[in-house]
Every structure is written in structure tokens, then in C-alpha cells.
Amino acid sequence: MSKIELNSLTFDELQDFITTIDEKKYRAEQLYSFIHKNYGKEIEDITVFSKDLRDKLNRIGKLNNIEIFKRFDSKVDDTKKYLFLLEDDNIIEGVAMDYKHGLTACISTQVGCRMGCSFCASTKEGLIRMLNPSEMANQIYAMEEDLDKQISNIVLMGSGEPLDNYDNTIKFLDIIHHKKGHNISYRNITLSTCGLVPKIYELADEQIPITLSISLHSPFDEIRKTMIPIAKKYSIEEIMNACKYYYNKTNRRITMEYTLVKGVNDRKQDLKQLKTILKGLNCHVNLIPLNPIEEFKEQRPSKKSIERFKTALSIANIPATVRKEMGGDINASCGQLRRRFTNKSKNFFQ
Ligand code: SAH
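All residue numbers in the sequence shown are consecutive under our numbering, ending with 369.
#1: Count the C-beta pairs between the stretch 321-328 and the stretch 279-289 that are closer than 8 Å, then say yes if the count reaches three, no if not.
#2: By how many angstroms is the C-alpha of PRO228 removed from the C-alpha of ARG206?
#3: Buried or exposed: where does PHE368 fall if 16 or more other Cβ atoms within 10 Å of its Cβ makes it buried?
#4: What would DSSP say about MET176, mapped onto helix, strand or coil?
#5: Whole angstroms is fine: what's the gap from ILE147's alpha carbon to PHE239's?
#6: What three-state label does DSSP hand HIS393 in the structure shown?
#7: With H, G and I counted as helix, E and B as strand and the rest as coil, what does DSSP make of VAL67?
#8: Counting only the same chain and skipping the five closest in sequence on each side, list residues whose C-beta sits under 6 Å from that of ASP41.
#9: How far does the beta strand (DSSP E) with TYR253 in it reach, from first residue to last?
#10: Run the proximity test for GLY346: is its beta-carbon closer than 8 Å to any non-hydrogen atom belonging to ligand 1?
#11: Just to confirm the assignment: which complete beta strand (DSSP E) runs, minimum length 3, are found wholly within the stretch 95-150?
#12: Quick one: residues in its chain with C-beta nearer than 7 Å to the C-beta of GLU154, no 5 flanking neighbours on either side, listed in chain order?
#13: Determine whether the beta carbon atoms of SER141 and GLY347 lie at a separation below 9 Å.
#14: Tell me whether HIS236 counts as near ligand 1, meaning its Cβ is closer than 8 Å to at least one heavy atom of that ligand.
#15: Looking at the strands, I want to know which residues DSSP matches up with VAL304.
#16: Any idea if PRO217 is buried or exposed, counting beta-carbon neighbours within 10 angstroms, 16 or more meaning buried?
#17: Give me whichever residues DSSP pairs with ARG46 in a beta bridge.
#18: Compute the minimum distance between the beta carbon of PRO320 and the heavy atoms of ligand 1, and state whether it is under 8 Å.
#19: Taking the Cβ atom as the reference point for each residue, do PRO248 and MET134 lie within a distance shorter than 9 Å?
#20: How is ILE285 classed by DSSP in three states: helix, strand or coil?
#21: Whole angstroms are fine: how far does the CA of PHE53 sit from the CA of ASN151?
#22: Locate the beta strand (DSSP E) running through ASP92, then write down its first and last residues.
#23: Taking all protein chains shown into account, decide if GLU112 is buried (16 or more other Cβ within 10 angstroms of its Cβ) or exposed.
#24: Quick one: what's got a C-beta closer than 7 Å to TYR220's C-beta in the same chain, skipping five residues either side?
#25: Residue range of the beta strand (DSSP E) that LEU210 falls in?
#26: Identify whether SER21 lies in helix, strand or coil by the three-state DSSP scheme.
#27: Closest by CA to PRO181, which one among TYR160, HIS196, LEU231, ASN172?
Structural data, given as C-alpha cells:
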């Protein structure tokens with residue numbers, strides 16, 4: 020019988036587990052805080068538990084751990100990029116970004132990704148496997164322990180499509196938010212999706228007040244389909260309806276991510292159509308200058324035309340910002356670092 024991964028259980032699940040093994044309920048609280056507050060890694064180290072109880076837990080359960088495989092420090096800002104080693108030797112990446120409002124962690128939700136977006140390095144080898152809730156939380160804990168600093172904001176914008184790993188992602192959110200553990204406010208968490216419409220409705224019905232961020236990238240279905248294959252399944256209109264539903268359920272302003280690609284989605288007609296489709300939706304547009312990758316031969320527009328695009332949106336009463344480039348010198352963009360590591364044709368450490 021395989022062992023239960025105790026650090027992937029939500030607080031309620033851990034309580035159920037503890038009572039089913041005939042232990043007192045308060046043991047769940049002690050165990051949960053040991054794992055999710057105090058960075059506990061081995062059942063053996065829970066000294067408030069008797070040796071008998073630790074042995075019992077060790078027989079039935081285990082804690083999943085990750086290791087920092089390598090850290091890359093940006094020379095241009097305080098961004099730190101991590102490669103983490105999982106127990107099955109898979110490698111994932113995460114980023115710690117120091118903003119004025121606090122330390123933000125960008126974490127992965129899958130090893131690889133099956134969405135196939137043309138400009139994204141995370142998806143070039145397909146999906147390898149889903150991450151467990153513990154493996155998402157452990158990225159946060161590992162960065163905090165390494166930097167000796169609390170993370171205040173989390174963005175699910177690393178490798179993977181969080182809504183394609185729905186149940187584990189929801190559990191992770193519950194775990195990281197719980198007051199007996201890390202207690203991170205839902206309002207400080209952003210989930211980015213390429214637009215899995217049924218899952219957006221499901222997420223809205225959970226009524227978790229996190230920020231939903233949509234990878235829109237074009238206001239035209241035909242162009243969007245060339246960038247994001249899932250756009251062949253779900254139209255922009257369906258996404259917009261799902262966003263309205265999400266807003267009505269959670270009262271949270273939606274973010275629209277828009278990776279600017281020269282000549283593809285930065286034209287006058289793109290701007291005009293973008294204004295049309297976003298009209299009446301309480302949203303904010305986050306413009307991302309394309310980070311060129313080897314497999315996608317397009318370029319980012321000039322700084323000047325990015326600014327023009329932003330200003331035109333603002334004039335139309337659509338708040339827009341250009342995403343500040345963090346750690347540009349350390350491949351700090353969506354799967355680029357892991358890709359470099361796994362791409363055997365390159366000498367990684369050069
Ligand atoms: N699967 C989620 C999270 C992806 S990463 C999603 O699709 O939203 C977060 C954002 O970075 C997405 O909007 C993604 O489309 C964008 N992105 C990926 N690769 C990029 C690149 N090379 N340049 C600019 N933006 C990129």
C-alpha cells in the first residue's frame with residue numbers, strides 16, 4: 020500500500036486522517052503547523068509527538084520534499100530564479116521577485132505543460148506530470164527558507180496550466196491560505212490561465228477571492244488560435260462570459276495578460292478590437308513584451324510602440340500596465356530556465 024502524502028492534505032483532510040487513525044483531533048493542528056508553518060520535513064522531527072506516534076505516522080504516511088538544485092541571481096535586480104529537484108528527479112522552476120509591496124513567488128503547477136502555446140518555453144516538451152499540492156507549497160517554503168524572508172504574494176505563472184491540474188491547485192490554495200499554516204491571503208494570490216472555460220466557471224463557484232488572470236494575447240479568435248491551441252476549443256466570447264461570471268461571483272477585478280508580438284497583436288485593429296471586447300468588463304490589462312525563445316521566431320515591438328499601446332488603452336478607460344521585466348538576464352520567463360537545462364543540445368552551465 021502506498022503511503023499517504025501528509026503534506027498534500029488540506030487542514031480538514033488532515034483532521035479526518037488523524038481521527039481515522041484513532042488520534043486526538045488537536046494532533047492534526049500540531050502536525051499541520053509543523054509542516055506548513057515551521058517548514059518541517061521529517062516526521063521524525065516532530066518532537067511534540069511521542070516516539071510511538073511518530074513511528075505510526077511513518078508507517079502510514081510520508082512527507083514529500085523538494086530540494087533547491089540551483090539558484091540563479093539576477094545582476095540587474097534582486098530576482099532569484101530557482102531550479103528545484105523533485106523526489107522523482109524531475110526538475111521544476113520558480114522565481115522570487117522583490118517588489119516594493121513585498122516578495123512575490125512565481126511557482127510551477129506542472130512539470131512541463133500540454134497547452135502548446137507557440138511562444139512559451141514551458142510546453143515545448145509536453146506535459147511530464149502534474150505537481151502535487153505539497154510540491155507547489157514546497158516551492159514557496161524552499162524560497163523563504165533560502166532567502167530568510169516571508170513571501171507575501173504568489174503568482175501561479177511558472178510552468179504548467181493550473182486549471183489543467185485543477186484539484187491539486189485548489190488544494191494548494193487551501194493549504195497555503197489556512198490560518199494554522201502559512202496564512203497567505205487569497206487576495207495576494209494570482210492564478211493565470213490560458214482559458215479553460217469550464218474550469219473558470221468551476222473556480223468561480225469555489226468563491227475563493229484570488230485574482231484570475233487570463234492569457235488573452237489577441238482579441239481575434241483566428242490569431243489567438245495560432246498562438247494558443249486551446250483557443251480552437253474555447254472562443255474569446257466564451258472566455259469573456261466566463262470572466263463576467265467570475266467577477267460576479269468573487270467581485271475580483273480580472274487581469275488580462277497580453278504578450279505583445281510585433282506585427283501580430285500590436286496593430287491598430289488589435290487595439291480597436293481589444294477595446295471593444297473589454298468594454299464593460301472590470302479588468303486590468305497587463306502588457307508583457309514578448310520574451311523571445313528559440314522556437315518562436317517573432318519579435319517584441321519597440322519600447323515606444325509598447326508605450327503607445329498602453330496609453331491608448333488607458334485613454335479608453337482600460338487600465339493597463341507594462342509588466343516590469345524581472346531578472347531578464349537569468350531566463351526568468353516561463354520555463355526558459357528548465358528548458359535550457361533539459362535541452363541536451365546546450366551546455367547548461369556555460
Ligand atoms: N498556463 C498559464 C501560466 C503561464 S505563464 C497561462 O497560460 O496563463 C504566464 C504568462 O506568461 C502567460 O500569459 C503566458 O502566455 C506568458 N508567456 C509565456 N511565454 C512567454 C514569452 N516567451 N514571452 C512573454 N510572455 C510569455
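All C-beta atoms in this analysis are idealised placements derived from N, C-alpha and C, irrespective of residue type, glycine included.
Looking at the atomic coordinates:
#1: yes
#2: 6 Å
#3: Unreliable positioning characterises PHE368 in this predicted model, as indicated by a pLDDT of 42, which lies under 50. The coordinate reading is nonetheless provided below. Exposed, by the Cβ-count rule.
#4: coil
#5: 31 Å
#6: Here the chain has residues from 20 to 369 only, and residue 393 is not among them.
#7: coil
#8: none
#9: Per DSSP, TYR253 belongs to no beta strand (DSSP E) and is neither H nor E.
#10: no
#11: 99-104, 110-118, 121-125, 129-131, 146-149
#12: ASN83, ILE85, LEU105
#13: no
#14: yes
#15: MET275, ALA339
#16: exposed
#17: ARG46 is not bridged to any residue.
#18: no
#19: yes
#20: Inspection of the sequence shows that residue 285 is occupied by Asp rather than by Ile. DSSP places ASP285 in coil when its eight states are reduced to three.
#21: 19 Å
#22: 86-92
#23: buried
#24: ALA261, TYR264
#25: 208-212
#26: coil
#27: LEU231
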